[in-house]
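Here's the structure we're looking at; comments come further down.
Protein chains: 2
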Amino acid sequence: MQETRYDVVGIGNAIVDIIGRCDDGFLSKHDLAKGFMRLIDAQEADRLYGLMGPSIERSGGSAANTVAGLASFGGRGAFIGRVADDQFGKVFWHDIRAAGVAYDTNPATSGLPTAVCLILVTPDGERTMNTFLGASTELGVREVDAAMIAASKVTYLEGYLFDKPEAKEAFYAAAGIAAKAGRKTALSLSDAFCVDRHRADFRNLVKNGTDILFANEKEITALYEVNSFEEAVAAVRGECEIAVLTRSEAGSLIVTARETVQVRPVRVDEVVDATGAGDLYASGFLYGYTRNLKPADCGRLGSLAAAEVISHIGARPEQPLSAIARQEGLITR
Amino acid sequence: MQETRYDVVGIGNAIVDIIGRCDDGFLSKHDLAKGFMRLIDAQEADRLYGLMGPSIERSGGSAANTVAGLASFGGRGAFIGRVADDQFGKVFWHDIRAAGVAYDTNPATSGLPTAVCLILVTPDGERTMNTFLGASTELGVREVDAAMIAASKVTYLEGYLFDKPEAKEAFYAAAGIAAKAGRKTALSLSDAFCVDRHRADFRNLVKNGTDILFANEKEITALYEVNSFEEAVAAVRGECEIAVLTRSEAGSLIVTARETVQVRPVRVDEVVDATGAGDLYASGFLYGYTRNLKPADCGRLGSLAAAEVISHIGARPEQPLSAIARQEGLITR
Numbered sequence: 001m002q003e004t005r006y007d008v009v010g011i012g013n014a015i016v017d018i019i020g021r022c023d024d025g026f027l028s029k030h031d032l033a034k035g036f037m038r039l040i041d042a043q044e045a046d047r048l049y050g051l052m053g054p055s056i057e058r059s060g061g062s063a064a065n066t067v068a069g070l071a072s073f074g075g076r077g078a079f080i081g082r083v084a085d086d087q088f089g090k091v092f093w094h095d096i097r098a099a100g101v102a103y104d105t106n107p108a109t110s111g112l113p114t115a116v117c118l119i120l121v122t123p124d125g126e127r128t129m130n131t132f133l134g135a136s137t138e139l140g141v142r143e144v145d146a147a148m149i150a151a152s153k154v155t156y157l158e159g160y161l162f163d164k165p166e167a168k169e170a171f172y173a174a175a176g177i178a179a180k181a182g183r184k185t186a187l188s189l190s191d192a193f194c195v196d197r198h199r200a201d202f203r204n205l206v207k208n209g210t211d212i213l214f215a216n217e218k219e220i221t222a223l224y225e226v227n228s229f230e231e232a233v234a235a236v237r238g239e240c241e242i243a244v245l246t247r248s249e250a251g252s253l254i255v256t257a258r259e260t261v262q263v264r265p266v267r268v269d270e271v272v273d274a275t276g277a278g279d280l281y282a283s284g285f286l287y288g289y290t291r292n293l294k295p296a297d298c299g300r301l302g303s304l305a306a307a308e309v310i311s312h313i314g315a316r317p318e319q320p321l322s323a324i325a326r327q328e329g330l331i332t333r
Numbered sequence: 334m335q336e337t338r339y340d341v342v343g344i345g346n347a348i349v350d351i352i353g354r355c356d357d358g359f360l361s362k363h364d365l366a367k368g369f370m371r372l373i374d375a376q377e378a379d380r381l382y383g384l385m386g387p388s389i390e391r392s393g394g395s396a397a398n399t400v401a402g403l404a405s406f407g408g409r410g411a412f413i414g415r416v417a418d419d420q421f422g423k424v425f426w427h428d429i430r431a432a433g434v435a436y437d438t439n440p441a442t443s444g445l446p447t448a449v450c451l452i453l454v455t456p457d458g459e460r461t462m463n464t465f466l467g468a469s470t471e472l473g474v475r476e477v478d479a480a481m482i483a484a485s486k487v488t489y490l491e492g493y494l495f496d497k498p499e500a501k502e503a504f505y506a507a508a509g510i511a512a513k514a515g516r517k518t519a520l521s522l523s524d525a526f527c528v529d530r531h532r533a534d535f536r537n538l539v540k541n542g543t544d545i546l547f548a549n550e551k552e553i554t555a556l557y558e559v560n561s562f563e564e565a566v567a568a569v570r571g572e573c574e575i576a577v578l579t580r581s582e583a584g585s586l587i588v589t590a591r592e593t594v595q596v597r598p599v600r601v602d603e604v605v606d607a608t609g610a611g612d613l614y615a616s617g618f619l620y621g622y623t624r625n626l627k628p629a630d631c632g633r634l635g636s637l638a639a640a641e642v643i644s645h646i647g648a649r650p651e652q653p654l655s656a657i658a659r660q661e662g663l664i665t666r
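From first to last, the protein sequence lines stand for chains E and Z.
Okay, so the first sequence: first residue is 1 according to the numbering used here, each after it adds one.
Okay, so the second sequence: first residue is 334 according to the numbering used here, each after it adds one.
So, in structure tokens, the structure goes:
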């Protein structure tokens with residue numbers, strides 16, 4: 001097989017996060033489901049932004065966060081996703097390249113502005129996301145860089161792409177290219193509501209065409225419409241090569257046809273902002289996976305990365321994850 | 334005299350900060366003078382941004398930070414400054430209004446984009462600023478809201494306005510309106526290089542038309558071209574009603590014709606990012622001043638606000654300053 005140029009190419013929505021704090025009462029008053037992601041249009045984005053307190057802006061996007069985290073470990077990351085040719089587009093472009101990730105999807109010069117996610121962080125650190133997809137919805141098959149995908153060990157796709165027909169097509173095209181090139185495909189289920197919107201497609205995709213599945217407890221139980229985590233584990237076992245199931249402070253579970261590996265969480269003093277916990281867990285896991293580490297160590301790297309990102313505002317790492325992994329003896333060079 | 338609607342109206346550049354970390358070697362390599370502000374054009378802004386690591390964005394601007402801080406104490410703040418009708422313009426607009434500040438300068442619908450300041454924060458917490466003034470340079474006399482100024486106890490002007498001829502005119506117009514309405518005028522010297530560029534004008538302004546002067550040690554020695562802080566104190570005494578001189582970890586000095594009040598600094602565990610220290614000191618001082626507190630208490634409020642803002646990234650307060658002042662017994666209601 002051909003040499004690879006990248007460990008992971010992420011394909012997903014290219015988003016700038018607008019992060020503000022609020023109390024639980026604010027969420028209730030405005031009918032926002034705590035801990036979930038909802039899609040909003042430009043008008044609702046303006047309305048909700050007007051209600052938010054002073055905020056900060058920081059690059060985000062689920063798969064983008066994952067490859068930025070992978071690069072922070074020292075991995076070779078690439079990204080495909082669409083911004084507009086505007087200020088937030090420049091911010092996204094700058095940050096992902098400054099993180100060391102290969103990125104050259106052409107910015108849209110007309111149409112909708114760069115995607116934003118209005119993230120409300122409650123005092124417990126939980127985040128509630130409101131996404132205006134903007135230029136990201138224009139991601140289509142033409143943006144799927146076949147050479148980049150064929151040159152990557154893993155093609156990592158976020159489930160959120162299913163929310164727009166064009167992006168869903170791009171998703172399938174990318175998965176097809178990866179399979180044809182003999183590469184691995186990873187899927188993140190993204191959000192329980194997102195799973196609910198696309199359950200049949202996702203179930204089919206997990207069984208046919210996914211090597212590595214990432215899901216949290218809510219997502220995996222939503223996928224199989226079961227009431228307990230244990231039932232979900234039984235349902236997913238053997239459906240794909242590896243299912244990686246995260247459970248916040250209860251750690252994570254790595255499930256293959258033949259084994260189940262329990263991974264302890266890494267404790268943090270205070271959850272400042274949970275945004276990006278799942279994305280960064282995937283960074284660590286994939287960094288280990290693409291270096292053929294054993295599943296327990298892949299999971300440990302995932303937990304370390306998640307712990308770093310929830311200890312500050314924003315979904316991109318602030319400390320080099322390579323240094324953290326080295327301290328733990330998981331990276332030796 | 335007419336009732337006031339505002340305690341302080343700030344007039345200054347309307348800027349979004351782009352904040353990234355770097356080491357001292359980066360500053361040396363790119364000939365950046367540590368701890369100072371320099372003006373850059375669009376091309377240099379693009380070049381330097383391309384060299385910076387992953388960053389975050391947050392509203393800034395010197396006078397804007399001051400009135401946002403004043404509002405956080407519970408004061409009545411207003412702001413005049415110009416953004417463009419673009420994404421960063423919306424960010425600036427949102428954040429200052431969400432902070433409770435009255436702001437309605439019309440955004441520019443053509444011309445340059447909203448101002449940005451590329452802020453490089455070194456491991457010691459010191460910040461080095463590179464400002465592309467963009468739409469802020471178009472602030473002119475037409476934006477000077479006479480009714481707003483006449484309705485404010487204090488008109489607070491940042492020295493940075495002198496860097497563009499139109500803005501300088503706006504500055505003088507605003508000071509004239511405040512004087513005619515029998516209100517107070519406060520001036521911040523902004524930056525030692527800025528003082529160097531406009532020394533004669535600033536000296537004249539301090540003597541004729543300034544009630545309250547804010548300067549740090551470097552700025553006040555640059556203003557009077559003296560080698561020691563003591564000489565600068567002697568030079569400024571009696572030039573205006575009150576000179577407020579800040580000296581970082583050495584605290585601050587409040588100098589009037591007849592007295593000198595020494596204010597102890599408020600210690601912080603770690604200076605994370607010094608951006609906004611002077612701006613927020615002015616917030617606290619002016620909050621106290623407009624409530625007729627005694628100079629020592631005004632200074633103490635200034636120190637508290639500065640301590641809050643240097644303990645995190647960005648130049649706007651994250652904790653309500655009113656709560657901090659209440660804990661210290663400086664606000665009783």
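C-beta atoms are modelled at their ideal positions from N, C-alpha and C, and glycine is treated no differently.
Starting from residue i, trace the alpha helix (DSSP H) both ways and give me its first and last residue.
| i | result |
| --- | --- |
| residue 300 of chain E | 295-309 |
| residue 381 of chain Z | 375-384 |
| residue 55 of chain E | Unbroken run through residue 55 of chain E is the beta strand (DSSP E), 55-59; no alpha helix (DSSP H). |
| residue 223 of chain E | 217-224 |
| residue 266 of chain E | From DSSP, residue 266 of chain E is part of no alpha helix (DSSP H); its letter is neither H nor E. |
| residue 536 of chain Z | 532-540 |
Hey, how far is the Cα of residue i from the Cα of residue j?
| i | j | result |
| --- | --- | --- |
| residue 60 of chain E | residue 429 of chain Z | 23 Å |
| residue 485 of chain Z | residue 435 of chain Z | 11 Å |
| residue 163 of chain E | residue 362 of chain Z | 46 Å |
| residue 453 of chain Z | residue 202 of chain E | 44 Å |
| residue 137 of chain E | residue 13 of chain E | 8 Å |
| residue 514 of chain Z | residue 22 of chain E | 40 Å |
| residue 481 of chain Z | residue 76 of chain E | 55 Å |
| residue 489 of chain Z | residue 344 of chain Z | 6 Å |
| residue 223 of chain E | residue 500 of chain Z | 59 Å |
| residue 663 of chain Z | residue 244 of chain E | 54 Å |
| residue 165 of chain E | residue 173 of chain E | 12 Å |
Can you tell me which of the three DSSP states residue i falls into?
| i | result |
| --- | --- |
| residue 454 of chain Z | strand |
| residue 465 of chain Z | strand |
| residue 482 of chain Z | helix |
| residue 104 of chain E | coil |
| residue 448 of chain Z | strand |
| residue 19 of chain E | strand |
| residue 577 of chain Z | strand |
| residue 79 of chain E | strand |
| residue 158 of chain E | strand |
| residue 588 of chain Z | strand |
| residue 545 of chain Z | strand |
| residue 274 of chain E | coil |
| residue 366 of chain Z | coil |
Anyone know if the C-beta pair for residue i and residue j falls short of 9 Å?
| i | j | result |
| --- | --- | --- |
| residue 133 of chain E | residue 52 of chain E | no |
| residue 282 of chain E | residue 66 of chain E | yes |
| residue 331 of chain Z | residue 55 of chain E | Absent from the model: residue 331 of chain Z. The displayed extent of chain Z is 334 to 666, so no value can be given. |
| residue 644 of chain Z | residue 596 of chain Z | no |
| residue 420 of chain Z | residue 87 of chain E | yes |
| residue 487 of chain Z | residue 517 of chain Z | yes |
| residue 654 of chain Z | residue 620 of chain Z | yes |
| residue 268 of chain E | residue 307 of chain E | yes |
| residue 547 of chain Z | residue 611 of chain Z | yes |
| residue 607 of chain Z | residue 460 of chain Z | yes |
| residue 116 of chain E | residue 131 of chain E | yes |
| residue 405 of chain Z | residue 433 of chain Z | yes |
Where do the ends of the beta strand (DSSP E) carrying residue i lie?
| i | result |
| --- | --- |
| residue 72 of chain E | That residue, residue 72 of chain E, is in no beta strand (DSSP E); its alpha helix (DSSP H) goes 62-73. |
| residue 186 of chain E | 184-188 |
| residue 262 of chain E | 260-263 |
| residue 8 of chain E | 6-11 |
Report yes or no: is there a C-beta of chain B within less than 9 Å of the C-beta of residue i?
| i | result |
| --- | --- |
| residue 25 of chain E | Of the protein chains in the structure, E and Z, none is chain B. |
Review point. Which residues, in order along the region 72-99 of chain E, keep a beta-carbon less than 7 Å from a beta-carbon of chain Z?
Key: Of all residues in the region 72-99 of chain E, 86, 87, 88, 91, 94, 95, 98 and 99 have a Cβ within less than 7 Å of some Cβ in chain Z.
Exercise for review: Residues of the region 637-666 of chain Z with a CB closer than 7 Å to any CB of chain E: list them in chain order, please.
Suggested key: Going along the region 637-666 of chain Z in chain order, one finds 647 and 649 with a Cβ nearer than 7 Å to chain E.
Point to revise | the region 47-72 of chain E: positions lying closer than 8 Å to chain Z by Cβ | key: In summary, the residues of the region 47-72 of chain E whose CB is separated from some CB of chain Z by less than 8 Å are 49, 50, 52, 53, 54, 55, 56, 57, 58, 59 and 68, in the order they occur in the chain.
Exercise for review: Using a Cβ-Cβ cut-off of less than 8 Å, give me the residues of the region 100-119 of chain E that come near chain Z, in sequence order.
Suggested key: Answer set for the region 100-119 of chain E: 113 and 114.
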